Structure formats: structure tokens, C-alpha cells
Amino acid sequence: MTLDQRNSSKLLWAIIGGLIVIVLVVLSYQWMSQNQSAEATPEAELLRQPAAPAAKAKAEPAVQLEEVPQQLVSEDILKQPVATNATLAKEEMAKLEDLQAQLDDQAALLNAQHADADELIRLKEEQIQLLEAQLKQQ
Numbered sequence: 001m002t003l004d005q006r007n008s009s010k011l012l013w014a015i016i017g018g019l020i021v022i023v024l025v026v027l028s029y030q031w032m033s034q035n036q037s038a039e040a041t042p043e044a045e046l047l048r049q050p051a052a053p054a055a056k057a058k059a060e061p062a063v064q065l066e067e068v069p070q071q072l073v074s075e076d077i078l079k080q081p082v083a084t085n086a087t088l089a090k091e092e093m094a095k096l097e098d099l100q101a102q103l104d105d106q107a108a109l110l111n112a113q114h115a116d117a118d119e120l121i122r123l124k125e126e127q128i129q130l131l132e133a134q135l136k137q138q
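In my numbering, the protein residues as written are 1 to 138.
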């Protein structure tokens, strides 16, 4: 074996060792972050839940699938007393404003999806009419 071949083997093992160390660091970071998220406060967990779907203003289709409503916030938050400390009240207001912003963003997204679906339906109807016209011509 030449000197280059022996050094090449050592270099390969060094690269493999480095990759293993990187993978172990990433896995330990994920494990640590999962442990920290398990200890999160209930309020933070409520904010991470997906928002409930917005009410539809237009007519529902004839066939509906049974939907399970998703709650963004549990009902018992409405029954909790308001904080008397100004700092706690400001924090609560900030949380509620963030929650409202999330709901507004989700409503805008749902409205955009609804408009896109309506446009797609209109285009498909036009396509069907064109195909029917082609069939009549043949």
C-alpha cells in the first residue's frame, strides 16, 4: 500500500466519525427539546393547538362529512378570573391578541382557499362544457 492509500483510509474513518458525532449531537438536542416541551405550561399547549374551522357563509354542499370541531381554547378559560396585577393582565392581553391574530390569519386563509375552490369549480365546469361541445361536433 502506498502512503496515499493509507491516509485515504484514515481520512475516511475521520469523516465517518465526524458524521456520527454530528448525528449524536442532533439527536441529543431533539431529546432535550422534547423533555422541555413536556414541561410546558398548559397555556402554551392551548396556543399550539390548531384553530377551529371558521363558519362558512355560503351554502353547504348536499353531501357533508361529519366533522369533529377542533377547539383552539378550552371553555374553562372563559370562567377564570381576570388578573388583578397589571403585569399579568398585560401578558394575558398579549396572549389573547396573539390568539386573535392567529384566528384572523386562519380565517383569511380559509376564505382564500374557499375562493380558490370556487374558481377551480368554475373552470372545471367550463372545461366540461367545452368537452361536451367537442363531442357534439364529432
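Just so it is clear, CB atoms sit at the ideal spot from N, CA and C, and this is done for glycine as well.
Owing to the predicted nature of the structure, the values given are computational and were not obtained by experimental measurement.
Run through DSSP, which three-state label would residue i get?
i: T84; result: coil
i: Q34; result: helix
i: E91; result: helix
i: E125; result: helix
i: I16; result: helix
i: A57; result: With a pLDDT of only 42 at A57, under the threshold of 50, the placement of this residue in the model should not be trusted; the figure read from the coordinates follows. Coil at A57, not helix or strand.
i: E119; result: helix
i: S9; result: helix
Note down, in chain order, each residue of its chain lying with its Cβ closer than 8 angstroms to the Cβ of residue i, except the 5 sequence neighbours on either side.
i: A112; result: none
i: L135; result: none
Would you call residue i buried or exposed, if buried means 16 or more other Cβ atoms sit within 10 Å of its Cβ?
i: A62; result: Unreliable placement is indicated for A62, whose pLDDT of 48 sits below 50; no coordinate value is reported for it.
By Cβ distance below 7 angstroms, which residues in the same chain neighbour residue i in space, the five residues on each side in sequence not counted?
i: V21; result: none
i: S33; result: none
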